[in-house]
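Worksheet for the structure shown next.
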Amino acid sequence: MGEQICAAVNLGLRYQRGGRAVLKGLSLSLESGEILGIRGENGAGKSTLLKALAGLLPYQEGEIRMAEEVRANLSYLPQEISLYDSLTAMENLYFYGKVTGLPGKVIRTRAHWLLTELGLSEKEKEKLSALSGGMKRRVHLASALMRRPAILLLDEPTVGCDNESYERILALLQKMKQQGTAMLLISHGRGELEEMADRIVYLKEGKMVGES
22 MGEQICAAVN
32 LGLRYQRGGR
42 AVLKGLSLSL
52 ESGEILGIRG
62 ENGAGKSTLL
72 KALAGLLPYQ
82 EGEIRMAEEV
92 RANLSYLPQE
102 ISLYDSLTAM
112 ENLYFYGKVT
122 GLPGKVIRTR
132 AHWLLTELGL
142 SEKEKEKLSA
152 LSGGMKRRVH
162 LASALMRRPA
172 ILLLDEPTVG
182 CDNESYERIL
192 ALLQKMKQQG
202 TAMLLISHGR
212 GELEEMADRI
222 VYLKEGKMVG
232 ES
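One gets the working numbering by counting positions in the sequence shown from 1 and adding 21 to each.
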């Protein structure tokens, strides 16, 4: 692990003015090359925290400390698969590469590398609709890694995965960690956080109630 690259300080968030607080004075930090696991029951504020860090939800209290160059290289992977079934695996990655402003040559090189790492090189020309759920999860992760993220926010990246997809995804995340990518990882999978995370924080009703 390295230097601190992100910190949430006394973060407070409500979806509606005067509504129920979803995050309540939540503070945590993240270092480069660190995997921080997030655990909590449904409604604890886990996904809300990731969306706030990604800049997708406005918060009303506290602050998020993150350098601009880090924020510009942040990737968020939601639980819902946000890919195009009518496009091939490679076409999906090419689309996300273009969205992030990568040159064509870099897109091709990066996409081929990611699909090889995820065991999908023979599936790159198949439409997403023809792939299994686990394979779609792998392509979904690859889409978030088309840029080289400083921070990767992961909301249940292996949910519903078969064993091969699970192992391929975790192996690639370990490789990204070794390259210095910091990650926040939400998972309900038994043992997944214990296997992957350097630390695990526990949320309850929008507050951090423990750490291991």
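Beta carbons are placed, not taken as given, at the ideal position from N, Cα and C, and that holds for glycine.
| query | result |
| --- | --- |
| Beta-carbon contacts of Gly-154 that lie in its chain and below 6 Å, excluding the five residues immediately before and after | Gly-181 |
| Sub-8 Å separation of Ala-171 and Asn-63 beta-carbons | no |
| Cβ-Cβ distance between Arg-168 and Ile-190 below 8 Å | no |
| Inside the segment 95–169 only - alpha helix (DSSP H) runs reaching at least 4 residues | 110–120, 125–138, 154–165 |
| Neighbourhood of Glu-226 by C-beta distance below 8 Å, restricted to the same chain and skipping five residues each side | Lys-45, Gly-64, Ala-65, Gly-66 |
| Cα-Cα separation, Thr-69 to Leu-175 | 12 Å |
| Under the three-state DSSP convention, the category Arg-38 falls into | coil |
| Enclosing beta strand (DSSP E) for Tyr-223 [first to last residue] | 220–225 |
| Beta-carbon proximity of Ser-208 to Gly-58, cut-off 8 Å | yes |
| Reference Ala-163; option with closest CA among Ala-203, Gly-125, Glu-145 | Glu-145 |
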